[in-house]
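A.B. asks:
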Amino acid sequence: MSKSTKANWLPLFITNFLGVLNDNYLKYLVFFISTTWMMKDKESIVIMLASALFVVPYIAFSPIAGKLARDHAKAKIIQRAKLFEIPIMLIASIGFILQSISITMFAIFLMGLQSCLFSPAKYGIIRDIGGKEGIPFGTGAMEMLTFMGVLIGTYVAGVTSDISLIDSLAPYRTIIICVALVLFAILGWLLSLKIAPKETVPDDEDETTLNPITFLINSYKWSRQIRGLNSVIIGLGTFWAIGSLLQMNITVHCRNMLNLSDTATSTIMAMVAIGIGAGCYITGVISNKQLKMYLVPIGGLGMLICVSLIFILNPPATLFAILIVATAFFAGIFKIPLNAFIQSRVEGRKLGLILAYNNLMLFSFILVSAGVFGVVETMANSLMVFGAVAIITLIITIVAWLRIPGAGKIKA
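Residue numbers are given in the numbering used here: position 301 of the sequence shown equals residue 326, and the series is strictly consecutive.
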């Protein structure tokens, strides 16, 4: 890899890393701290609402995001979105100062909107930087650093929450939160200014509809031209639905079933992020500039076994951590070939629109998963949520094996 290519990769990777870190820092501060402003029996509802509010913008505004990525320079979209993150974090800071659920939830919604608007641009720019041969590396590295951002953001949120247990630091917890949120946003914006790839010419004559329903129908019909594309997008949607269910459920399960502190809970979540990141990275290395779709059902089978063991055994904290990290590792293996498939099969500026379609689909799945979590956890318990995840994983693994080109055939 040339020095110039490395110079273009790094600003993108680090900008994305800081954005994901801040997203998860804010979200888990809401999970750990904002839930204490309410009655304990409302904890699952607050977590469900926070997760839902983050994804609603992806459903409503994905067509606009895709059009932006097709009509405008992707680097400029990223830079302006990162600038928008700064006032959002100021709003979130006000929410923590006032201990206002409504303000922090509004900030979560705005972060979802900001992330939605530049998501097609940040993934579409991978091919502009590294070319087609750089797609497996760029996608794998981006996902690895994404989950490293999840790791650090989640862990720091847990530690920040438990500052209240330290008498000498407790009065400064809100100040620490506000400074960290705004600082991460400013650093991300400054680094985004260094992203400068050679992009394809924007399509000024695009007439894509901005109606989400019409956009979804049109994109589905267009995607049928590429064999397996819709199945891949459904697979990615299911991956994120499973991930969302696990993310919400681990928080509740660790607190209520395993009686762990927020720091211990966030440590397990950080380990999960390491597991996914490792799975993503290893898959990128194994792929070696090739699409190896047979890894998808292998990853699905691994997830199925691990989640089923959690459901059946109801293990203590140590074994639970091992199994959930193993689940995350196989999830990374499941995901990367699906991402690379989209990047390699969709040509030109159409990629931005298909990535927006992908976002709309996967966040629709995540929104449904928030509802599933709320119903199952409220009516039963967190262990039954793991049972539901096992069933969903079994179904999508079978679908991937049968419907995704190359998934059912191992090639050297």
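Don't be surprised by glycine CBs; every beta carbon is placed ideally from N, CA and C.
Should Ile-111 be listed as close to the ligand PLP, given that the test is whether its C-beta is under 7 Å from any heavy atom?
C.D. replies: The ligand PLP is not part of the structure shown, which contains no ligands of any sort.
A.B. asks: Tell me where the alpha helix (DSSP H) around Lys-147 begins and ends.
C.D. replies: Run containing Lys-147: 126–155, per the alpha helix (DSSP H) assignment.
A.B. asks: Out of curiosity, what's the CA-to-CA distance linking Ile-111 and Gly-431?
C.D. replies: Approximately 44 Å between the Cα atoms of the pair.
A.B. asks: Give, in chain order, every unbroken run of the alpha helix (DSSP H) that is at least 4 residues long and sits entirely within the segment 272–358.
C.D. replies: 287–312 and 320–338
A.B. asks: Hey, how far is the Cα of Lys-427 from the Cα of Thr-352?
C.D. replies: For the record, residue 427 in the displayed sequence is Leu; it is not Lys. Cα to Cα, the separation comes out at about 22 Å.
A.B. asks: Roughly how many angstroms lie between the CA atoms of Asp-192 and Tyr-53, to the nearest whole one?
C.D. replies: One C-alpha to the other measures close to 22 Å.
A.B. asks: Using three-state DSSP, classify Lys-219 as helix, strand or coil.
C.D. replies: DSSP places Lys-219 in coil when its eight states are reduced to three.
A.B. asks: Beta-carbon separation of Pro-82 and Cys-141 under 8 Å?
C.D. replies: yes
A.B. asks: To the nearest angstrom, how far is the alpha carbon of Leu-37 from that of Thr-164?
C.D. replies: 12 Å
A.B. asks: Only counting the same chain, and skipping five residues up and downstream in sequence, which positions put a Cβ closer than 7 Å to that of Asn-41?
C.D. replies: Lys-147, Met-167, Leu-170 and Thr-171
A.B. asks: Less than 8 Å separating the beta-carbons of Thr-3 and Tyr-180?
C.D. replies: Coverage of the chain is limited to positions 26 through 437, which leaves residue 3 absent and any answer about it impossible.
A.B. asks: Just to confirm before moving on: does the CB-CB distance between Ala-394 and Ser-269 stay below 8 Å?
C.D. replies: The question names Ala, but residue 394 in the sequence shown is Ser. Yes, these two residues count as a Cβ contact at 8 Å.
A.B. asks: How about Leu-334 and Leu-348: are their beta carbons less than 8 Å apart?
C.D. replies: yes
A.B. asks: Which of the three DSSP states, helix, strand or coil, is assigned to Ala-432?
C.D. replies: coil
A.B. asks: Would you say Arg-370 and Ile-251 are within 8 Å of each other, going by their C-beta atoms?
C.D. replies: yes
A.B. asks: Which residue marks the beginning of the alpha helix (DSSP H) containing Gln-104, and which one marks its end?
C.D. replies: Where Gln-104 is concerned, the enclosing alpha helix (DSSP H) starts and stops at 99–123.
A.B. asks: Going straight from the alpha carbon of Pro-322 to that of Thr-422, what length do you get?
C.D. replies: 5 Å
A.B. asks: By the 10 Å Cβ neighbour count, where 16 or more other Cβ atoms means buried, how is Val-175 classified, buried or exposed?
C.D. replies: buried
A.B. asks: Drop a sphere of 10 angstroms on the beta-carbon of Met-130, count the other beta-carbons inside from all chains shown, and report buried for 16 or more, exposed for fewer.
C.D. replies: Its Cβ being crowded by 16 or more others within 10 Å, Met-130 is buried.
A.B. asks: With respect to the alpha helix (DSSP H) encompassing Tyr-83, which residues constitute its N-terminal and C-terminal limits?
C.D. replies: Per DSSP, Tyr-83 belongs to the alpha helix (DSSP H) from 68–96.
A.B. asks: Which whole-angstrom value is the C-beta distance of Phe-355 and Met-318, which I expect to be below 8 Å?
C.D. replies: In fact, because the Cβ distance is near 15 Å, the residues do not count as touching under 8 Å.
A.B. asks: Nearest to Gly-309 by alpha carbon, out of Ile-299, Asn-364, Asn-339 and Gln-272?
C.D. replies: Asn-364
A.B. asks: Below 8 Å CB to CB, which residues in the same chain sit around Ala-413 once its five sequence neighbours on both sides are set aside?
C.D. replies: Leu-270, Val-397 and Val-401
A.B. asks: Using 10 angstroms around the beta-carbon of Val-204, count the other beta-carbons present and answer buried if the total reaches 16, otherwise exposed.
C.D. replies: exposed
A.B. asks: If I follow the unbroken alpha helix (DSSP H) through Asn-384, where does it start and stop?
C.D. replies: 375–404
A.B. asks: Going by the beta-carbon positions, is the gap between Gly-155 and Leu-46 smaller than 8 Å?
C.D. replies: no
A.B. asks: Would you call the segment 198–213 in contact with the segment 108–128, where contact means no fewer than 3 C-beta pairs closer than 8 Å?
C.D. replies: yes
A.B. asks: Contact defined as beta carbons within less than 8 Å: I believe Lys-107 pairs with Ser-217. What is the distance between those atoms, to the nearest angstrom?
C.D. replies: 4 Å
A.B. asks: Please return the same chain residues whose Cβ sits closer than 7 Å to the Cβ of Ile-429, not counting the five positions on each side in sequence.
C.D. replies: For Ile-429, where only same-chain residues beyond five positions count, the Cβ hits under 7 Å are Gly-253, Ser-256, Val-257, Gly-260, Met-318 and Val-321.
A.B. asks: Where does Asn-41 sit, in a helix, a strand or coil, going by DSSP?
C.D. replies: If DSSP states are grouped into helix, strand and coil, Asn-41 belongs with the helices.
A.B. asks: Taking buried to mean at least 16 other C-beta atoms within 10 Å of its own C-beta, is Asn-210 buried or exposed?
C.D. replies: It is worth fixing the name first, because residue 210 is Ala in this sequence and not Asn. Counting Cβ neighbours within 10 Å, Ala-210 comes out buried, since at least 16 surround it.
A.B. asks: For Ala-266, which of Arg-105, Ile-122, Phe-86 and Ile-420 has the nearest alpha-carbon?
C.D. replies: Taking only the C-alpha atoms, the option nearest Ala-266 is Ile-420.
A.B. asks: Between which two residues does the alpha helix (DSSP H) carrying Pro-237 extend?
C.D. replies: 237–248 is the extent of the alpha helix (DSSP H) around Pro-237.
A.B. asks: Hey, could you find the ends of the alpha helix (DSSP H) Leu-170 is sitting in?
C.D. replies: 160–187
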